[in-house]
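Shown next as structure tokens:
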């Protein structure tokens with residue numbers, strides 16, 4: 001069916017999308033790369049010229065960079081762990097014969113639609129505030145000293161907020177996968193005397209593998225760039241305790257006006273994301289090739 | 001769901017599921033009731049659950065302080081505008097990839113998705129400087145442009161998976177029968193493509209509405225969307241809990257309703273049809 005004309009037409013129809021995305025990818029990337037080798041500070045016009053690797057040694061040598069890198073990994077890993085384990089559990093529960101399943105699905109998915117700054121502010125002021133947050137009241141009710149979450153456990157607090165936003169997504173995707181498992185297969189296993197644990201391990205889990213891969217891919221894309229949650233809660237602090245790579249680059253480049261160092265940080269962020277991407281795309285590429 | 005289970009088991013599962021669901025929902029529920037309390041009641045200890053005196057004052061105060069209507073208008077323009085612009089570019093591309101695939105189609109699709117892996121911070125500084133020089137900083141069309149670009153790969157992927165499910169035979173029949181082509185398009189192809197386009201549109205409006213990184217870094221007063229509007233409440237004034245709750249509620253309510261309405265499509269859309 002693909003005649004010469006249709007092929008030519010197809011190429012023409014694809015051109016705008018390909019060109020636009022290519023420009024979007026290449027222009028800023030080349031500029032970031034260029035700036036990263038320059039002395040360039042927006043408030044100090046005297047700083048100009050080729051910087052060599054100075055920006056990179058400055059950024060990578062800075063202890064805050066190591067901490068931001070570790071924080072990024074803990075943040076992504078922690079949220080993935082909570083949402084996948086919690087999401088699997090919730091999906092299994094919602095798949096049981098229960099009353100009001102339809103309404104429950106809608107309630108459970110709701111946090112996903114809450115914009116990140118709102119999610120962060122609700123948790124910060126309504127829940128985790130030691131003075132008048134819900135958790136503070138709860139602690140006081142049991143005669144305990146309320147916890148100042150964002151000062152004592154800043155990274156953990158951010159993880160809780162982000163996990164709350166992504167748990168619904170994981171649950172919904174995993175539940176959809178679970179519901180496509182054929183009833184016969186399940187019953188057959190039950191007849192053969194497989195207990196619940198074995199049924200989960202040998203039938204349900206392999207069936208959900210593809211959905212879990214997708215959840216990991218989509219979430220990692222978004223979790224590497226977590227920004228608003230940190231900005232409106234801890235501001236990256238105390239110190240650099242809750243600064244991730246995204247926030248560090250923002251801080252260096254935009255808040256401190258150091259374009260050179262910020263760009264070097266940006267290049268490093270792109271490299272990290274691409275290392276992650278190569279692994280993920282391989283896994284997903286295989287899975288999507290249906 | 002035709003499994004037979006004892007009623008007790010069913011009751012047990014129902015209670016457990018509802019308890020967990022309400023626990024997850026409680027931050028939203030709490031925001032909802034706090035928005036109608038007076039400031040004094042909002043921070044009272046021990047807390048009240050339902051407001052003792054219902055008040056709408058908080059909503060008025062939010063509008064006075066930060067002009068909610070202007071920010072909401074910006075959010076609508078940016079999310080709807082970027083989605084329409086994205087569809088305009090994506091529909092022909094996804095259509096041709098689905099119906100005239102070449103050996104490289106899969107690679108191109110993978111490459112497009114990979115642009116989504118590029119962290120925003122990696123390109124923030126050049127975009128910031130380009131926008132500054134082109135005077136696009138803090139403008140609605142600048143933001144719309146960025147939003148189109150960041151969501152374009154997802155729009156193309158979603159449309160591609162929907163279009164691929166339209167049987168090729170129908171398309172070929174339409175082609176053979178030259179005179180009837182327009183009728184075929186109108187009566188067969190469009191009705192089959194429209195549901196996919198509609199749910200792509202819905203989901204991208206949701207994604208653009210909630211996008212926070214670019215709206216916070218590229219806008220301030222004039223073109224700020226609701227994500228930028230609500231972020232301004234993180235300053236000390238934001239500690240007025242009732243007003244903050246009212247502002248939060250106003251920011252999330254429209255998209256929450258839209259999300260509930262489209263949650264079935266969400267699964268298909270966001271997983272590119274890979275999970276059924």
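Residue numbers (my numbering), protein chains in the order written: chain W, 1 to 290; chain A, 1 to 276.
Backbone N, C-alpha and C define an ideal beta-carbon position, used for all residues, glycine too.
Counted as a single uninterrupted DSSP element, the alpha helix (DSSP H) harbouring residue 260 (chain A) occupies residues 241-261. Per DSSP, reduced to three states, the secondary structure at residue 204 (chain A) is helical.
In the displayed model, residue 265 (chain A) falls within a helix according to three-state DSSP.
Uninterrupted alpha helix (DSSP H) stretches at least 4 residues long and entirely within the stretch 80-161 of chain A occur at 105-115, 120-133, given in chain order. Taking 9 angstroms as the cut-off, the beta carbon of residue 143 (chain A) is found closer than this to the beta carbon of residue 223 (chain A). Pairing residue 122 (chain W) with residue 31 (chain A) gives a Cβ-Cβ distance under 9 angstroms.
Contact between the stretch 225-233 of chain A and the stretch 105-120 of chain W is established, with three or more Cβ pairs separated by less than 8 angstroms.
If the five residues before and after residue 120 (chain A) are omitted, its C-beta is found closer than 6 angstroms to the C-beta atoms of 213, all from its own chain and listed in chain order.
Sequence-ordered contacts of the stretch 134-148 of chain A with chain W are nonexistent [C-beta pairs closer than 8 angstroms]. Within chain W, no C-beta atom comes less than 9 angstroms from the C-beta of residue 68 (chain A); the nearest is roughly 13 angstroms away.
For residue 96 (chain W), the nearest beta carbon of chain A is closer than 9 angstroms to its own beta carbon. For residue 83 (chain W), the uninterrupted alpha helix (DSSP H) segment begins and ends at 63-94.
Pairing residue 135 (chain A) with residue 216 (chain W), the inter-Cα distance amounts to about 38 angstroms. Rounded to whole angstroms, residue 30 (chain W) and residue 151 (chain A) show a C-alpha spacing of 21 angstroms. Proximity of residue 37 (chain A) to chain W, defined by a Cβ-Cβ separation below 9 angstroms, is not satisfied.
When Cβ-Cβ separations below 9 angstroms define contact, residue 116 (chain A) makes contact with chain W.
Closest by C-alpha distance to residue 209 (chain W), out of W:85, W:8, W:42, W:35, is W:85. Proximity to residue 189 (chain A) across A:40, A:158, A:201, A:172 peaks at A:172, based on C-alpha coordinates. At least one CB of chain A lies nearer than 9 angstroms to the CB of residue 31 (chain W). Think of a sphere of 9 angstroms around the beta carbon of residue 45 (chain A): the chain W residues whose beta carbon falls inside it are 131, 132, 136, 137, 140, in chain order. In the DSSP assignment, residue 242 (chain W) falls outside any alpha helix (DSSP H), carrying neither H nor E. In its own chain, leaving out the 5 sequence neighbours on each side, no residue places its CB closer than 7 angstroms to the CB of residue 97 (chain W). In this chain, the alpha helix (DSSP H) harbouring residue 66 (chain A) covers 57-66.
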